[in-house]
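Chemist:
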Amino acid sequence: MVQTLEGPVRYRAGDALLTGIAGECWPIGRAKFDAAYEPVPPTVAGTAGAYRRRPLVVRARRMGAPFSVRVGHADDLLQGRAGDWLVQYGRNDYGIVACDLFAQTYELLDGETPGPPASR
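Residues 24 to 143 (my numbering) make up the sequence shown, in order.
What follows is the structure in structure tokens.
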């Protein structure tokens, strides 16, 4: 089990364990990791080291009240705070990103503004 910023998430043997810009950790399934991330030289694919996410358009909504979402193969329940972002990476594939981390790691599409937080 990995303790993420939003709660504990179970992982399986072979999953990748990622560390973000603020030292936060989270697990990701191996197939999903291999499809979404590429090694940063001199890191060799499949070994520990630095990786970067390939560009991906996601849907995101800034939430105005505390909320929860189930994630991962075990449907672990994560808790978000008001101002956090609910991010949809794909069908039935969600995550929670803290407001300050979202601002540092995501880019809004042209013409988009974060706007006020959405209610539940």
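Don't be surprised by glycine CBs; every beta carbon is placed ideally from N, CA and C.
Name the residue from Trp108, Ala97, Val81 and Arg76 whose alpha carbon lies nearest to the alpha carbon of phenylalanine 90.
Modeler: Trp108
Chemist: Hey, is alanine 97 close to the ligand MG, as in C-beta under 7 Å from one of its heavy atoms?
Modeler: Although the ligand MG was asked about, the structure shown includes no ligands whatsoever.
Chemist: Going by the beta-carbon positions, is the gap between valine 110 and valine 63 smaller than 8 Å?
Modeler: no
Chemist: Which residue marks the beginning of the beta strand (DSSP E) containing leucine 40, and which one marks its end?
Modeler: Boundaries of the beta strand (DSSP E) harbouring leucine 40: 39-42, taken from the DSSP string.
Chemist: Hey, how far is the Cα of proline 78 from the Cα of glycine 46?
Modeler: 22 Å
Chemist: For glycine 113, which residues does DSSP report across the bridge?
Modeler: Asp116
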